[in-house]
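2 protein chains.
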Amino acid sequence: MARKAASAKDVAELAGVSRAAVSRCFTPGASLSPKTRERILQAADQLGYQVNRLASGLIRNETGIVALIAAEISTPYRSHLLSALTERLQQAGKVALMINTDRSDDSVEQALRHAISYRTDAAIFLSGMPARSLAETCLRNGMRLVLINRDEERPGSLRLRLDDAEAGRRAVALLLAAGCKRLGLASSAADTPSLTERERGFREAATAAGAEFIEERRGPTSYETGQELGMALLTQPNRPDGIFCTTDLMACGIIDVARWRFGIAIPDDLSLIGFDDIAQAGWEGYALTTFSQPIEEIAAKSVDWLISGEQKNEAEEVLLEPKLIMRRTVRQIYVSDTEDRRQQ
Amino acid sequence: MARKAASAKDVAELAGVSRAAVSRCFTPGASLSPKTRERILQAADQLGYQVNRLASGLIRNETGIVALIAAEISTPYRSHLLSALTERLQQAGKVALMINTDRSDDSVEQALRHAISYRTDAAIFLSGMPARSLAETCLRNGMRLVLINRDEERPGSLRLRLDDAEAGRRAVALLLAAGCKRLGLASSAADTPSLTERERGFREAATAAGAEFIEERRGPTSYETGQELGMALLTQPNRPDGIFCTTDLMACGIIDVARWRFGIAIPDDLSLIGFDDIAQAGWEGYALTTFSQPIEEIAAKSVDWLISGEQKNEAEEVLLEPKLIMRRTVRQIYVSDTEDRRQQ
DNA sequence: CTGAAAGCGCTTACAG
DNA sequence: CTGAAAGCGCTTACAG
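Protein chains in written order, with full-length UniProt numbering: chain A, 1 to 344; chain B, 1 to 344.
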């Protein structure tokens, strides 16, 4: 039993041409007479020939592989972004190598070494950061780096960020406009750049507005943490009536606790704003007012940058705007009762 | 600017040994004196050398890459499975190539061709099926195939299935035991092997028990379809009081519609059973009684089979049991009120 | 234990 | 337009 796929040599022999010719047949733009091309294509088809990307990658110094480096890849937001990225990559003729990390420097380094050993054309970081020295090694090898929502930059890389702080500020304004008297900030203890920025924006605006607020930060970024956050915030003697939660996943936990354990009416007795616009935020049971991450835009910009353009030595940076998605967890007091009905 | 990573040649020169020696240094079990190894390791470290898996894959006919072929990869169940698979693969020293399909034969074929061109050691199918002829080509090249929840088999491949029909049957029994008088079967129109089996088991058992039931099948497998299903089922003149929904995602949609649009109390006025045990099924707002897919077991069995063992010519098959997860969407009537309280 | 040499499957100047 | 030849970075018998 042959354990080898057909090679260019096999095709060449069958078609009665040189190995070079069959190579040209599969490299766009190479000169080849229509007749020869036809003969080669037919032979290739007959043999089930597929060019070996390992070999061609070795020669051309371009593998068509790009590494996706991320932690917690089954989380709603993360998996959505990964999906968008994978799809765009495929449309651009690239292929995605998924590498799971646990966010530790060690595992991120490990991931990047994997990427290097497969000579990926690029690496996209959704979690963690490559050490400066390793990043330089990558660049020297012609590998491109894109950093999504990371707080540092690396020379030669593309950095895509959201204006997280602005979202925190807008959340405060919104909550105050809804008549909330006592604000709450809920976040995980993950200390991820995006979360920290959202928190900072919130504190800044709340302080500037002279608003009273309390905050709770704990645990990993999860639904369960949301439940704990809800318990902590809602058992306070003077509990908040307007909460900004740095992540939808946690906000869902807060909503459930408020509703099912305390019977708190949302948005009448408690207004809540999340971040990410995960699918569940749009579910009827949550209808969460939140800020959406422009996932398709992030994915598009990332792969556009990867496939086009020359390598530069400065870092490029693009700042995207989260968009406010109004749903039904923030009380609307500006609209009178009758107008409210007319609007529906 | 050097655009090339350090190669074995560079390391060999720096360490004053042959290229063969540095190759041996990085292949487990190759004979090499401790002294030489030490010198090589040091040189490699200094140069930031990583063996080029493209070149080694070419020679050894083993790339360490395994393709994950799936549709709708950001769905809760799918992304969870993908995450487990990726993790196990990494632990086994392999790396995951993620390929997105849209389930059409065409895109599945495309995906497999991609896998072939990168000479992946294996392909794991979570969606779609490789055409018989293509599958044979793969096997001939020594590529291993694992099919998860697929209805056909392919010689030489591993097929992992769940006893979906049995779950459908158990759902009927459970609903009947809960005192439901009129059953409902809710499913998407996706015609996926797993769904069809779950439906079949339900119909079989319902018919055998002489139970009255209605069914609704429509749309893709999504939360939104669940909402439609809920509308269709709950607006019936004689609506069901016990529903088996072939997927948790859709079940969540049904719950929300029942609760928020019709004010139906769950489980008092409507019992509901799902399938998959996605994270949301465990959320406080749903607390969905459901069947769990043994995801970790599926992942473990898949990669164990891949890394160990000889290629055989018959297809192997393993049948896994979905496990009933009792939560709070099925009415409990066997337990008297006082006993009920004692149990808590 | 170690090295020289052949070979994996491709691409790409270089000539013609 | 086409082929012969060199070379990408590795591994692996084969000798010593």
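For each residue, glycine too, the CB sits at the ideal point set by N, CA and C.
Following a CB-centred definition, is residue i positioned closer than 7 Å to any heavy atom of the ligand FMN?
{"i": "residue 211 (chain A)", "result": "Among the components of this structure there are no ligands whatsoever, and the ligand FMN is therefore not found."}
By the 10 Å Cβ neighbour count, where 16 or more other Cβ atoms means buried, how is residue i classified, buried or exposed?
{"i": "residue 179 (chain B)", "result": "exposed"}
{"i": "residue 121 (chain A)", "result": "buried"}
{"i": "residue 326 (chain B)", "result": "exposed"}
{"i": "residue 42 (chain A)", "result": "exposed"}
{"i": "residue 333 (chain A)", "result": "exposed"}
{"i": "residue 208 (chain B)", "result": "exposed"}
{"i": "residue 191 (chain B)", "result": "exposed"}
{"i": "residue 72 (chain A)", "result": "buried"}
{"i": "residue 100 (chain A)", "result": "buried"}
{"i": "residue 235 (chain B)", "result": "exposed"}
{"i": "residue 46 (chain B)", "result": "exposed"}
{"i": "residue 144 (chain A)", "result": "buried"}
{"i": "residue 130 (chain A)", "result": "buried"}
{"i": "residue 228 (chain B)", "result": "buried"}
{"i": "residue 218 (chain A)", "result": "exposed"}
{"i": "residue 187 (chain B)", "result": "buried"}
Would residue i pass as an interface residue toward chain A - the criterion being a Cβ-Cβ separation below 8 Å?
{"i": "residue 284 (chain B)", "result": "yes"}
{"i": "residue 54 (chain B)", "result": "yes"}
{"i": "residue 100 (chain B)", "result": "yes"}
{"i": "residue 79 (chain B)", "result": "yes"}
{"i": "residue 109 (chain B)", "result": "no"}
{"i": "residue 51 (chain B)", "result": "yes"}
{"i": "residue 256 (chain B)", "result": "yes"}
{"i": "residue 120 (chain B)", "result": "no"}
{"i": "residue 344 (chain B)", "result": "Here residue 344 (chain B) scores only 43 on pLDDT, less than 50, and its place in the model is too uncertain to base an answer on."}
{"i": "residue 265 (chain B)", "result": "no"}
{"i": "residue 332 (chain B)", "result": "no"}
{"i": "residue 247 (chain B)", "result": "no"}
{"i": "residue 238 (chain B)", "result": "no"}
{"i": "residue 252 (chain B)", "result": "yes"}
{"i": "residue 166 (chain B)", "result": "no"}
{"i": "residue 329 (chain B)", "result": "no"}
If you follow the beta strand (DSSP E) that residue i is in, where does it begin and where does it stop?
{"i": "residue 11 (chain B)", "result": "Per DSSP, residue 11 (chain B) belongs to no beta strand (DSSP E); it is in the alpha helix (DSSP H), 8-15."}
{"i": "residue 244 (chain B)", "result": "242-245"}
{"i": "residue 182 (chain A)", "result": "182-187"}
{"i": "residue 192 (chain B)", "result": "Taken as a continuous stretch (DSSP letters only), residue 192 (chain B) belongs to no beta strand (DSSP E), as it is neither H nor E."}
{"i": "residue 161 (chain B)", "result": "158-162"}
{"i": "residue 135 (chain B)", "result": "Premise fails: residue 135 (chain B) lies in the alpha helix (DSSP H), 132-140, not in any beta strand (DSSP E)."}
{"i": "residue 96 (chain B)", "result": "95-101"}
{"i": "residue 32 (chain A)", "result": "It is not in any beta strand (DSSP E) - residue 32 (chain A) carries neither H nor E in the DSSP assignment."}
{"i": "residue 144 (chain B)", "result": "144-148"}
How is the alpha helix (DSSP H) around residue i delimited, first residue to last?
{"i": "residue 122 (chain B)", "result": "No alpha helix (DSSP H) contains residue 122 (chain B), which is instead part of the beta strand (DSSP E) from 122-125."}
{"i": "residue 20 (chain B)", "result": "19-25"}
{"i": "residue 112 (chain A)", "result": "105-117"}
Less than 8 Å between CB atoms is the rule here; does residue i satisfy it with respect to chain B?
{"i": "residue 95 (chain A)", "result": "yes"}
{"i": "residue 73 (chain A)", "result": "yes"}
{"i": "residue 58 (chain A)", "result": "yes"}
{"i": "residue 48 (chain A)", "result": "yes"}
{"i": "residue 149 (chain A)", "result": "no"}
{"i": "residue 116 (chain A)", "result": "yes"}
{"i": "residue 83 (chain A)", "result": "yes"}
{"i": "residue 4 (chain A)", "result": "yes"}
{"i": "residue 1 (chain A)", "result": "At residue 1 (chain A) the pLDDT is 36, less than 50, meaning the model places this residue with poor confidence; the figure from the coordinates comes in the next sentence. With 8 Å as the cut-off, residue 1 (chain A) counts as an interface residue toward chain B."}
{"i": "residue 279 (chain A)", "result": "yes"}
{"i": "residue 296 (chain A)", "result": "no"}
{"i": "residue 314 (chain A)", "result": "no"}
task = May I have a chain-ordered list of the alpha helix (DSSP H) segments no shorter than 4 residues that lie completely inside the segment 42-81 of chain B?
result = DSSP runs (the alpha helix (DSSP H)) wholly in the segment 42-81 of chain B: 53-60.
ask   = Curious, which full-length beta strand (DSSP E) runs of at least 3 residues does the segment 254-333 of chain B contain?
value = Considered as a whole, the segment 254-333 of chain B harbours 271-276, 289-292, 316-320, 323-325 as its complete beta strand (DSSP E) runs of no fewer than 3 residues, in chain order.
ask   = Enumerated in chain order, which unbroken segments of the beta strand (DSSP E) with a length of 3 residues or greater are wholly contained in the segment 211-245 of chain B?
value = Runs of the beta strand (DSSP E) lying entirely within the segment 211-245 of chain B and spanning at least 3 residues, in chain order: 213-217, 242-245.
message = Using a Cβ distance threshold of 8 Å, determine whether the segment 21-40 of chain B contacts the segment 64-71 of chain B, with at least three qualifying pairs required.
response = Result no; under three Cβ-Cβ pairs closer than 8 Å.
ask   = At a cut of 8 Å, does the segment 197-215 of chain A reach the segment 10-20 of chain B through at least three beta carbon pairs?
value = Between the segment 197-215 of chain A and the segment 10-20 of chain B, the count of C-beta pairs closer than 8 Å stays below three; the two stretches do not touch.
message = Counting beta carbon pairs with one atom in the segment 264-273 of chain B and one in the segment 209-220 of chain B, are three or more of them shorter than 8 Å?
response = The way I'd put it, the segment 209-220 of chain B doesn't touch the segment 264-273 of chain B; fewer than three beta-carbon pairs between them come closer than 8 Å.
key: Given 8 Å, three or more beta-carbon pairs between the segment 312-331 of chain B and the segment 101-112 of chain B   = Counting Cβ pairs under 8 Å, fewer than three are found: no touch.
message = Counting beta carbon pairs with one atom in the segment 94-104 of chain B and one in the segment 143-156 of chain B, are three or more of them shorter than 8 Å?
response = Verdict: no, contact absent.
key: the segment 172-192 of chain B in contact with the segment 135-143 of chain B per 3-pair CB rule at 8 Å   = Cβ pair count under 8 Å is below three, so no.
ask   = Counting Cβ pairs closer than 8 Å, one from the segment 158-171 of chain B and one from the segment 181-199 of chain B, do we hit at least three?
value = Three or more beta-carbon pairs separated by less than 8 Å link the segment 158-171 of chain B to the segment 181-199 of chain B, which places the two stretches in contact.
task = Evaluate the contact criterion for the segment 76-84 of chain A versus the segment 55-62 of chain A: three or more CB pairs, one atom per stretch, below 8 Å.
result = Contact fails: fewer than three Cβ-Cβ distances are below 8 Å.
message = Check whether the segment 248-267 of chain A and the segment 282-290 of chain B touch, using three or more Cβ-Cβ pairs below 8 Å as the test.
response = Counting Cβ pairs under 8 Å, three or more are found: they touch.
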